[in-house]
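Which chain is which? The protein sequence lines are A and B, in order. Using the working numbering, read the first sequence as starting at 3 and increasing by one per residue. Using the working numbering, read the second sequence as starting at 66 and increasing by one per residue. Below is one structure; the comments refer to it alone.
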Amino acid sequence: MVWMTLAQHLLSKPRPPRRASQATAAALAERFTNLSAVKLGRSLAIRHVAIGSCNGCELELRATQNMIHDLTQYGLSFTPSPRHADILLITGVAARNMAEALRQARAATPDPVFTIAVGDCAVDGGVFKGSPAITGGADSILPIDLMISGCPPTPSQIIEGLLSLIEAHAG
Amino acid sequence: MIPTVLSAQNWQTHQGEFIALWTDATKAYALYNNGLFTTNLTDGTYPALSPDHPGAAWFEKLSTDLNGHKPDGITHKSTAIEHFIAPNGTTPWPDMPPALGEGVHQMAVGPIHAGIIEPGHFRFSIIGEKVLKLEARLGYSHKGTLALMRGKSPRNAARFAARISGDATVAHSLAFAHATEAALEITPPPRAIQLRAVMAELERMANHTSDIGAIAGDAGFAFLDARFAWHRESLCAAASAAFGHRLMMDMVIPGGIAADIKTPGPDVILGAISALDAELPSLTRVFEDYASLQDRLIGTGHISAHLANRYAAGGFVARAAGRKVDARSNPGYAPYDVLELSVPMETEGDVAARVRIRLAELGESARIIRTLLSSLQDGAIAIAPPSGSGMGIGVAESFRGPAWHWINIESGQITDIFIADPSTLHWPLVEHAACTSIIADFPLINKSINASYSGVDL
Ligand code: SF4
Chain A
3 MVWMTLAQHL LSKPRPPRRA SQATAAALAE RFTNLSAVKL GRSLAIRHVA IGSCNGCELE
63 LRATQNMIHD LTQYGLSFTP SPRHADILLI TGVAARNMAE ALRQARAATP DPVFTIAVGD
123 CAVDGGVFKG SPAITGGADS ILPIDLMISG CPPTPSQIIE GLLSLIEAHA G
Chain B
66 MIPTVLSAQN WQTHQGEFIA LWTDATKAYA LYNNGLFTTN LTDGTYPALS PDHPGAAWFE
126 KLSTDLNGHK PDGITHKSTA IEHFIAPNGT TPWPDMPPAL GEGVHQMAVG PIHAGIIEPG
186 HFRFSIIGEK VLKLEARLGY SHKGTLALMR GKSPRNAARF AARISGDATV AHSLAFAHAT
246 EAALEITPPP RAIQLRAVMA ELERMANHTS DIGAIAGDAG FAFLDARFAW HRESLCAAAS
306 AAFGHRLMMD MVIPGGIAAD IKTPGPDVIL GAISALDAEL PSLTRVFEDY ASLQDRLIGT
366 GHISAHLANR YAAGGFVARA AGRKVDARSN PGYAPYDVLE LSVPMETEGD VAARVRIRLA
426 ELGESARIIR TLLSSLQDGA IAIAPPSGSG MGIGVAESFR GPAWHWINIE SGQITDIFIA
486 DPSTLHWPLV EHAACTSIIA DFPLINKSIN ASYSGVDL
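The following block contains the structure:
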């Protein structure tokens with residue numbers, strides 16, 4: 003088993019490295035200079051908040067941590083407490099029962115904080131757009147810095163979105 | 066399907082295994098293992114079934130919160146979705162009575178949880194570290210899905226069925242398709258039926274691998290978590306290569322499937338399941354060999370056969386507690402009638418038994434996928450649903466148990482629909498199972514049952 007894996011690795015070509023989208027990074031960089039925020043380092047902690055998802059986005063978010071996608075190699079990690087977070091990452095539509103919880107999570111997160119909406123639901127309500135049970139996407143509760151669309155976005159798309167944020171911020 | 070009309074009294078005394086309850090504008094419906102029954106609403110009320118069938122309680126709360134109908138004679142007061150929101154938008158802390166006794170304290174968790182999961186509020190009553198009582202409050206992800214489906218054609222509404230619970234998107238799409246096909250009396254082409262089952266089994270394997278790994282991870286075995294997560298990743302990559310989407314969302318549609326399997330697809334799928342087959346014995350041995358892991362799983366989160374039967378549990382929750390049920394064989398649907406499905410059974414009812422069932426199901430799903438891919442029939446992959454009328458019930462065995470869909474169609478448009486995810490019957494069992502262990506074991510218990518929040522919040 004081990005020898006086979008080793009042999010495969012010696013023979014196979016390395017995968018192309020993941021890169022941030024230059025356009026998104028540039029747009030974000032401009033946003034940050036206007037924000038005059040205190041600079042954070044490159045290593046950022048993410049607090050995830052689901053506010054009305056179907057749980058598809060959470061599956062792919064969790065997959066960013068497996069050994070294939072390995073989110074930690076970029077200095078990004080998930081934290082259970084908003085008090086330790088630099089990023090609030092939101093999935094799902096703005097369900098009415100979750101608005102207060104999200105506002106409290108934001109209030110508990112020290113400034114500066116980046117807010118990211120992951121998945122079509124969080125971006126603008128997705129397929130549930132217009133439902134009277136929701137108020138729309140995540141930006142109907144909080145201002146959002148970066149949107150990563152897809153239903154659900156793949157782990158690669160999520161990581162590329164996060165990398166644009168780091169690039170824009172560090173650049 | 067024509068439901069049997071019952072008088073209010075017969076409605077209340079009907080015997081059978083309770084599966085689901087819902088209401089439409091004029092009637093209340095109850096689904097049992099021996100048929101679909103209905104009774105007229107009087108002034109928006111109907112006789113409650115929860116005094117005899119505890120599993121009905123959550124459905125009764127849903128009927129109140131979704132449709133404003135009142136079950137008569139209930140003992141439960143809490144809400145499923147419509148929790149109090151003050152005029153200024155704030156939601157005060159819910160008042161939940163603690164268990165009685167000296168030294169008992171309450172612990173509140175959620176609605177935002179520590180991990181990457183959906184929202185829900187848990188209130189534990191604890192003495193020392195022993196859990197005495199757990200009350201779950203859900204409804205935080207309510208999206209108004211059922212209302213969005215009304216007035217649409219089945220094909221247009223399918224994308225909502227696919228998002229009832231993302232981890233069971235194939236199963237819910239399939240149950241929705243089955244209900245529509247029953248209502249309109251159509252049968253999809255054989256190739257579609259086979260490929261639907263390939264997707265459903267792939268979905269089952271992806272969920273089983275990731276949950277088994279996560280349970281081991283919670284017990285401190287990060288290595289198992291990493292390996293099982295790797296297999297889940299290969300299964301999702303295979304799904305993407307074969308069907309163009311990692312979760313296979315929107316692939317099963319009423320009348321068939323949305324697209325045929327792509328060319329390298331079958332090989333990638335077979336490669337992924339062979340890799341799992343090859344490693345599974347050694348991974349299973351780790352579960353069996355390490356006393357510290359067994360110590361966390363054996364006897365934890367116990368659900369007795371009596372409880373499992375009382376709530377008509379499904380899936381691995383039932384099969385681990387000596388309850389041999391599987392919607393694929395009973396009531397059954399194609400193509401499983403010709404696949405000689407073997408359903409594993411355990412009797413211990415603890416976390417360890419639920420893990421063993423899921424390990425056994427991985428092998429069975431792999432076998433089904435291989436059989437189907439080697440015998441795929443040629444031909445069409447879908448037929449267009451006619452613009453007819455009718456009522457239908459559909460079921461599909463998701464990885465966590467049977468998903469039931471009830472649909473009423475008039476002139477090609479959905480006039481009413483209800484969807485019962487197996488989690489609706491499993492959440493009360495989570496509350497029971499939590500009380501058999503200490504608080505530190507709750508993550509294991511919760512993961513071993515893995516009830517869906519979105520599937521219940523609708
Ligand atoms: S974007 Fe899609 S996958 Fe994500 S929560 Fe919404 S419906 Fe589910």
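Virtual Cβ for every residue (Gly too), placed ideally from N, Cα, C. Bear in mind the structure is a predicted one, so any value in this text is a computation, not a measurement.
At 4 residues or longer, and completely inside the stretch 465 to 518 of chain B: list those alpha helix (DSSP H) runs for me, N to C.
488 to 499, 507 to 514
I160 (chain A), enclosing alpha helix (DSSP H) - first and last residue
157 to 172
Check whether the Cβ atoms of G117 (chain A) and I92 (chain A) lie closer than 8 angstroms to each other.
The question names Gly, but residue 117 (chain A) is Thr in the sequence shown. Closer than 8 angstroms, so yes.
Considering only the beta carbon of each residue, do E298 (chain B) and A65 (chain A) sit closer than 8 angstroms?
yes
Thinking C-alpha only, which one of B:E353, B:I482, B:A233, B:L211 is nearest V317 (chain B)?
B:A233
Run through chain B and tell me which residues come within less than 9 angstroms of V51 (chain A), C-beta to C-beta.
I177, P184
Any C-beta of chain B under 8 angstroms from that of A39 (chain A)
In this predicted model, A39 (chain A) has a pLDDT of only 48, less than 50, meaning its place in the structure is not dependable; the value taken from the coordinates is given anyway. No, because no Cβ of chain B sits closer than 8 angstroms to the Cβ of A39 (chain A).
Extent of the continuous alpha helix (DSSP H) run through E266 (chain B):
255 to 283
Could you work out which residues of chain B lie near P19 (chain A), taking near to mean beta carbons separated by less than 7 angstroms?
Going along chain B, no residue has its Cβ under 7 angstroms from P19 (chain A), so there is no contact; the nearest lies around 19 angstroms.
Within 8 angstroms (strictly less), CB to CB, does R311 (chain B) reach chain A?
yes
Exposure of N98 (chain B), with buried meaning 16 or more beta-carbon neighbours within 10 Å
exposed
Inter-residue Cα distance where the pair is S488 (chain B) and R465 (chain B)
8 angstroms
Using a C-beta to C-beta distance shorter than 9 angstroms, which residues of chain B count as neighbours of S133 (chain A)?
K208, G209, T210, A212, L213
Roughly how many angstroms lie between the CA atoms of A212 (chain B) and E266 (chain B), to the nearest whole one?
30 angstroms
Could you tell me whether any Cβ in chain B is nearer than 8 angstroms to the Cβ of E102 (chain A)?
yes
Name the two residues that bound the continuous beta strand (DSSP E) containing F116 (chain A).
116 to 120
Could you give the distance in angstroms between the alpha-carbon of S38 (chain A) and the alpha-carbon of S133 (chain A)?
Here the model assigns S38 (chain A) a pLDDT of 43, short of 50, so the residue's position is not dependable and the matter cannot be decided.
To the nearest whole angstrom, what separates the beta carbons of S218 (chain B) and G477 (chain B), a pair I think is in contact under 8 angstroms?
6 angstroms
If the cut is a Cβ gap below 8 angstroms, which residues of chain A does G397 (chain B) touch?
The premise fails here: G397 (chain B) is roughly 28 angstroms from chain A at the closest Cβ pair, so nothing lies under 8 angstroms.
Do R21 (chain A) and the ligand SF4 come close, with the Cβ less than 7 angstroms from some heavy atom?
no
Any alpha helix (DSSP H) of 4 or more consecutive residues that is wholly inside the stretch 189 to 222 of chain B
210 to 214
Examine chain A for any beta-carbon lying closer than 8 angstroms to the beta-carbon of S517 (chain B), and answer yes or no.
yes
Is DSSP giving S452 (chain B) helix, strand or coil here?
coil
In DSSP terms, what E462 (chain B) is bridged to
B:P467
Can you list the residues of chain A that H148 (chain B) reaches, using a CB-CB cut of under 8 angstroms?
N99
Within 10 angstroms of the Cβ of L300 (chain B), are there 16 or more other Cβ atoms? Answer buried if so, exposed if not.
buried
Chain A beta carbons: is any one of them nearer than 8 angstroms to that of S230 (chain B)?
yes
Out of B:E475, B:E183, B:A485, which one is the CA nearest neighbour of V460 (chain B)?
B:A485
Can you name the start and end residues of the beta strand (DSSP E) that F80 (chain A) belongs to?
78 to 80
Is any beta-carbon of chain A found at less than 8 angstroms from that of W158 (chain B)?
no
Contacting residues, own chain, Cβ-Cβ under 7 angstroms from A164 (chain B) (five flanking each side not counted)
S190, L197, K198
How about A124 (chain A): is its C-beta nearer than 8 angstroms to some C-beta of chain B?
no
Bridge partner(s) assigned by DSSP for V51 (chain A):
A:I92
For N105 (chain B), write down the residues that DSSP places opposite it in a beta bridge.
B:K92
Closer than 7 angstroms: D122 (chain A) CB and nearest the ligand NAP heavy atom:
You won't find the ligand NAP in this model; what it holds is the ligand SF4.
To which residues of the same chain is A281 (chain B) closer than 6 angstroms at the C-beta, ignoring the five residues directly before and after it?
L289, D290
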